[in-house]
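>
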Amino acid sequence: MATTKIPEQKIILCGEYGVGKSSIFRRFANNTFITATGRQSTLGLDHYDKVYNVQDKDIKLQLWDTGGMERVASITSSYYKFSEAAILVFSLDNLTSFNTLSQHLLDVVTYAENAKIFLCGNKLDLQSSEPQVSDAEIEAFCEQCHNIISGVYKTSCKTGEGIEKMFYDIAYHLVESNRSRLELQTMDKHGFKISSNEESPEDSCLC
Amino acid sequence: MDEEYDAIVLGTGLKECILSGMLSVSGKKVLHVDRNKYYGGESASICPLEELFSKFGAPPPDESYGRGRDWNVDLIPKFLMANGLLVKLLIHTGVTRYLEFKSVEGSYVYKGGKISKVPVDQKEALASDLMGMFEKRRFRNFLIYVQDFSDADPKTWKDFDPNTQNMQALYDKFGLEKSTQDFTGHALALYRNDDYLNDPAVNTIKRIKLYSDSLARYGKSPYLYPMYGLGELPQGFARLSAIYGGTYMLDKPIDEIVIGEGGKVAGVRSGTEVAKCKQVYCDPSYVPDRVRKSGQVIRCICLLDHPIANTKDALSTQIIIPQKQVGRNSDIYVSLVSYTHQVAAKGWFIAMVSTTVETENPENEIKPGLDLLGSIRQKFVSISDYYVPTDNGLDSQIFISESFDATTHFETTCLDVLDIFKRGTGEEFDFSKIKHELGDEE
Chain S
1 MATTKIPEQK
11 IILCGEYGVG
21 KSSIFRRFAN
31 NTFITATGRQ
41 STLGLDHYDK
51 VYNVQDKDIK
61 LQLWDTGGME
71 RVASITSSYY
81 KFSEAAILVF
91 SLDNLTSFNT
101 LSQHLLDVVT
111 YAENAKIFLC
121 GNKLDLQSSE
131 PQVSDAEIEA
141 FCEQCHNIIS
151 GVYKTSCKTG
161 EGIEKMFYDI
171 AYHLVESNRS
181 RLELQTMDKH
191 GFKISSNEES
201 PEDSCLC
Chain C
1 MDEEYDAIVL
11 GTGLKECILS
21 GMLSVSGKKV
31 LHVDRNKYYG
41 GESASICPLE
51 ELFSKFGAPP
61 PDESYGRGRD
71 WNVDLIPKFL
81 MANGLLVKLL
91 IHTGVTRYLE
101 FKSVEGSYVY
111 KGGKISKVPV
121 DQKEALASDL
131 MGMFEKRRFR
141 NFLIYVQDFS
151 DADPKTWKDF
161 DPNTQNMQAL
171 YDKFGLEKST
181 QDFTGHALAL
191 YRNDDYLNDP
201 AVNTIKRIKL
211 YSDSLARYGK
221 SPYLYPMYGL
231 GELPQGFARL
241 SAIYGGTYML
251 DKPIDEIVIG
261 EGGKVAGVRS
271 GTEVAKCKQV
281 YCDPSYVPDR
291 VRKSGQVIRC
301 ICLLDHPIAN
311 TKDALSTQII
321 IPQKQVGRNS
331 DIYVSLVSYT
341 HQVAAKGWFI
351 AMVSTTVETE
361 NPENEIKPGL
371 DLLGSIRQKF
381 VSISDYYVPT
391 DNGLDSQIFI
401 SESFDATTHF
411 ETTCLDVLDI
421 FKRGTGEEFD
431 FSKIKHELGD
441 EE
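First to last, the sequence lines map onto chains S and C.
Using this note's numbering, read the first sequence as starting at 1 and increasing by one per residue.
Using this note's numbering, read the second sequence as starting at 1 and increasing by one per residue.
1. Using a C-beta to C-beta distance shorter than 7 Å, which residues of chain A count as neighbours of Met-227 of chain C?
2. What is the residue span of the alpha helix (DSSP H) that Leu-126 of chain S lies within?
3. Could you tell me which chain S residues have their CB closer than 7 Å to the CB of Lys-102 of chain C, listed as they occur along the chain?
4. Of all Cβ atoms in chain C, is any one closer than 9 Å to the Cβ of Phe-141 of chain S?
5. With 8 Å as the limit, tell me which residues of the region 73-90 of chain S have their beta carbon closer than that to any beta carbon of chain C; keep them in chain order.
6. Roughly how many angstroms lie between the CA atoms of Glu-113 of chain S and Tyr-5 of chain C, to the nearest whole one?
7. Using the Cβ count rule (16 or more neighbours within 10 Å means buried), how would you classify Lys-422 of chain C?
8. If I'm right that Glu-100 of chain C touches His-190 of chain S with Cβ under 8 Å, what's the distance once you round it to whole angstroms?
9. Measuring alpha carbon to alpha carbon, tell me which residue in S:Val-152, S:Val-54, S:Phe-90 and S:Lys-193 is nearest Val-19 of chain S.
10. Compute the Euclidean distance between the alpha carbons of Lys-178 of chain C and Ile-205 of chain C, then round it to the nearest angstrom.
11. Kindly list, in the order they appear in chain C, the residues whose Cβ is closer than 8 Å to that of Asp-107 of chain S.
12. With 9 Å set as the bound, which would you pick, yes or no: does the beta-carbon of Ile-115 of chain C sit closer than that to a beta-carbon of chain S?
13. In whole angstroms, give me the CA-to-CA distance for Val-280 of chain C and Ala-238 of chain C.
14. From the DSSP output, in three-state form, read off Arg-377 of chain C for me.
15. In this structure, does DSSP put Trp-71 of chain C in helix, strand or coil?
16. If contact is defined by three or more beta carbon pairs under 8 Å, each pair taking one atom from either stretch, is the region 167-186 of chain C in contact with the region 318-336 of chain C?
17. Rounded to the nearest angstrom, what separates Asp-430 of chain C and Leu-373 of chain C at their Cα positions?
18. Hey, how far is the Cα of Asp-213 of chain C from the Cα of Pro-222 of chain C?
19. So is Met-1 of chain S buried or exposed if we call it buried at 16+ other beta carbons inside 10 Å?
20. Does DSSP put Met-1 of chain C in a helix, a strand or coil?
21. How big is the Cα-Cα spacing for Gly-347 of chain C and Asp-305 of chain C?
22. Quick one: is Asp-440 of chain C near chain S, going by C-beta distance under 9 Å?
23. Anyone know if the C-beta pair for Asp-125 of chain S and Thr-159 of chain S falls short of 9 Å?
24. Mapping DSSP to helix, strand and coil, what is Arg-292 of chain C?
25. Can you find a C-beta in chain C that's less than 9 Å from the C-beta of Thr-110 of chain S?
26. Determine whether the beta carbon atoms of Ala-242 of chain C and Met-69 of chain S lie at a separation below 9 Å.
27. Report the CB separation of Val-109 of chain C from Val-118 of chain C in whole angstroms; it is logged as a contact under 8 Å.
28. So, at 8 Å on beta carbons, what are the nonlocal neighbours of Val-265 of chain C in its own chain, with the 5 sequence-adjacent residues on each side left out?
29. What does DSSP give as the partner residues of Asn-166 of chain C in its beta bridges?
30. Cα separation between Asn-203 of chain C and Asp-151 of chain C?
31. Using alpha carbons as the reference points, say which of C:Gly-13, C:Ser-316 and C:Arg-137 lies closest to Arg-35 of chain C.
32. With a cut-off of 8 Å on the beta carbons, I'd call Phe-216 of chain C and Pro-162 of chain C a contact; round off their distance for me.
33. Distance cutoff 9 Å, beta carbons only. Does Leu-13 of chain S sit that close to anything in chain C?
34. Mind the definition here: the region 40-53 of chain C touches the region 223-230 of chain C only if three or more C-beta pairs lie below 8 Å; say whether that holds.
35. My understanding is that Tyr-386 of chain C touches Thr-355 of chain C, with C-beta atoms under 8 Å, so please give their C-beta distance in whole angstroms.
36. Going by beta carbon distance, what residues of the same chain come within less than 7 Å of Gly-271 of chain C, once the five residues before and after it are set aside?
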């Protein structure tokens with residue numbers, strides 16, 4: 001039986017160590033939350049696919065976690081390759097994690113030129129009446145980067161607030177941009193994945 | 001860094017990254033360190049182009065080269081055999097999910113000053129310009145024999161014992177001419193010299209089968225090449241290691257490998273920090289006193305603004321110049337990749353000519369390869385020493401990989417890695433240890 005293939009959209013999480021990238025990943029993957037004492041750092045998280053339906057169109061978001069490489073070393077450049085979107089994550093209760101975003105942004109535009117960029121302030125539940133990162137600062141940041149930020153979200157992985165909304169909105173943005181880009185895409189840009197499957201992914205001649 | 005690890009891996013070249021991944025997957029606590037700021041060591045792909053030019057002390061590239069960061073130039077030319085060991089490792093470890101590949105478009109062999117497509121099936125054998133009419137028939141019969149050959153079924157051996165009789169005897173059985181033996185042994189079985197003629201024929205038969213099975217997989221040629229260059233490979237295995245708990249440190253100079261009781265390794269020191277460990281895995285550059293030089297490899301990176309002549313304008317290709325064709329003891333390899341792999345700016349090609357050094361004038365040795373390329377816009381020559389460890393590491397628990405050889409595929413690379421893993425852990429790598437539920441399974 002023939003099945004229609006839903007296009008996969010690679011989305012990567014970027015940001016300082018400890019801002020909650022893996023927590024966002026867990027919320028996305030199985031809607032769970034583990035407290036800081038219940039885990040060490042990122043272990044065993046790779047990527048996860050989830051289908052969203054936007055305007056009667058199915059779109060598969062494939063979310064990637066860093067694998068914890070940013071803890072002491074830098075992330076490999078191949079992490080960024082082929083990504084359609086990047087979520088820059090900072091913690092609303094940690095100004096430093098916000099101030100270092102420009103470096104992460106630079107990595108994204110260098111290694112994933114075509115990725116749409118989104119901003120996510122996490123740990124909304126920890127934000128006190130005196131916010132560490134103000135809305136004005138967030139706005140100023142978006143202006144500074146010449147409005148290449150496609151969307152700004154505030155989330156709490158602890159309560160789950162804002163997570164689904166963020167991914168649905170990102171899915172919407174990607175469907176919109178794919179529509180306008182579809183005709184520009186040439187097969188030449190892409191290679192194929194190898195698999196143990198005996199069938200060849202290309203129509204090679206079977207002589 | 002001041003912790004205790006099961007294993008510390010030094011250098012993030014491909015071999016070390018595969019080992020690091022396999023060790024982490026096997027449940028070992030791994031620290032992986034590189035003195036460089038970037039991943040990949042010798043197996044990195046250099047980006048941007050300006051970096052490559054400055055690395056070789058050349059003035060910066062002009063505008064005709066396009067955008068510098070559209071380039072990812074390998075320092076060591078290799079292709080993957082589609083049905084070879086590295087592809088098996090990639091599939092079994094799941095690292096294939098981080099990469100995309102393209103099939104290399106053509107595979108050629110040099111004979112009498114010109115290049116011809118490597119004939120691999122009966123049809124191609126009959127159409128090839130490498131042989132005369134009667135020789136084509138004989139070669140066709142030989143190919144059919146190899147195709148039908150089964151290790152387990154002596155009936156397919158046809159009154160020939162491949163385990164005791166050598167390859168020369170098999171060639172003679174089919175009456176193949178010397179020049180046919182030449183391209184069969186070097187362009188199909190991918191031997192670097194003629195020593196194989198005296199080895200049991202079964203080894204060569206298996207290598208020819210690997211070539212044709214690889215070809216059958218994706219067509220065109222038996223070779224694959226990753227998008228964005230070979231530097232993506234070590235990074236993929238590094239990610240595997242990190243996901244299984246491996247800790248990564250870059251830009252960290254290693255000042256000493258600390259030896260403890262009974263000559264066994266006890267840790268590594270960087271400045272005043274010491275990380276303790278039971279084992280060290282590293283490339284030769286981290287242990288100059290534990291390796292010896294066993295030869296030299298010359299590699300020449302050539303930037304071209306056109307494809308190679310007589311290859312049907314292939315955007316990627318491999319050409320093998322068998323040793324005897326040019327009066328040498330080891331083959332010359334030419335490989336070509338291009339903008340279609342996102343390793344060069346639009347319209348550009350990267351050719352690499354490489355061989356094992358045999359004389360005092362290595363640049364002159366690769367001339368037959370360079371002559372095939374036509375006009376070369378920019379040329380970078382490097383001559384590197386080939387190091388092998390002085391011992392098997394069992395006493396010191398320091399396991400050292402060999403330098404990358406002149407072959408244009410990864411088969412010897414993988415054999416070295418699997419052998420090191422076996423020496424280090426006392427067991428073969430158990431692929432079933434890799435859980436595939438990492439994420440994408442539904």
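Note that beta-carbon positions come from the ideal geometry of N, C-alpha and C, so glycine has one too.
Based on what the coordinates show:
1. Among the protein chains in the structure shown, which are S and C, there is no chain A.
2. It is not in any alpha helix (DSSP H) - Leu-126 of chain S carries neither H nor E in the DSSP assignment.
3. Gly-191
4. no
5. Ala-73, Ser-74, Thr-76, Ser-77, Ser-78, Tyr-79, Lys-81 and Phe-82
6. Annotation: Glu-113 of chain S to Tyr-5 of chain C spans about 38 Å, alpha carbon to alpha carbon.
7. Exposed.
8. 6 Å
9. S:Phe-90
10. 17 Å
11. For Asp-107 of chain S, no chain C residue has a Cβ inside 8 Å of its Cβ, as the nearest lies near 13 Å away.
12. no
13. Those two C-alpha atoms are separated by around 16 Å.
14. coil
15. coil
16. With a cut-off of 8 Å, the region 167-186 of chain C and the region 318-336 of chain C count as touching, because enough Cβ pairs lie within range.
17. 44 Å
18. 8 Å
19. Caution is warranted here: a pLDDT of 41 is assigned to Met-1 of chain S, below 50, making its placement in the model unreliable, and the coordinate value is therefore given only provisionally. The residue in question, Met-1 of chain S, is exposed, as its Cβ has fewer than 16 Cβ neighbours within 10 Å.
20. coil
21. 6 Å
22. At Asp-440 of chain C, the pLDDT of 35 sits below 50, so the modelled position is not reliable; the number obtained from the coordinates is stated separately. Yes, its Cβ sits closer than 9 Å to a Cβ of chain S.
23. yes
24. strand
25. yes
26. yes
27. 5 Å
28. Ile-257, Val-258, Ile-259, Cys-277, Lys-278, Gln-279, Val-280, Ser-396, Gln-397 and Ile-398
29. In the DSSP secondary-structure assignment, Asn-166 of chain C is bridged to C:Pro-200.
30. Rounded to whole angstroms, Asn-203 of chain C to Asp-151 of chain C spans 10 Å at the Cα level.
31. C:Gly-13
32. Note on identity: in this sequence residue 216 of chain C is Ala, with Phe being the wrong assignment. Going by Cβ atoms, the distance from Ala-216 of chain C to Pro-162 of chain C rounds to 22 Å, so no, they are not a contact pair.
33. no
34. yes
35. Wrong, their Cβ atoms sit about 12 Å apart, outside the cutoff.
36. Asp-255
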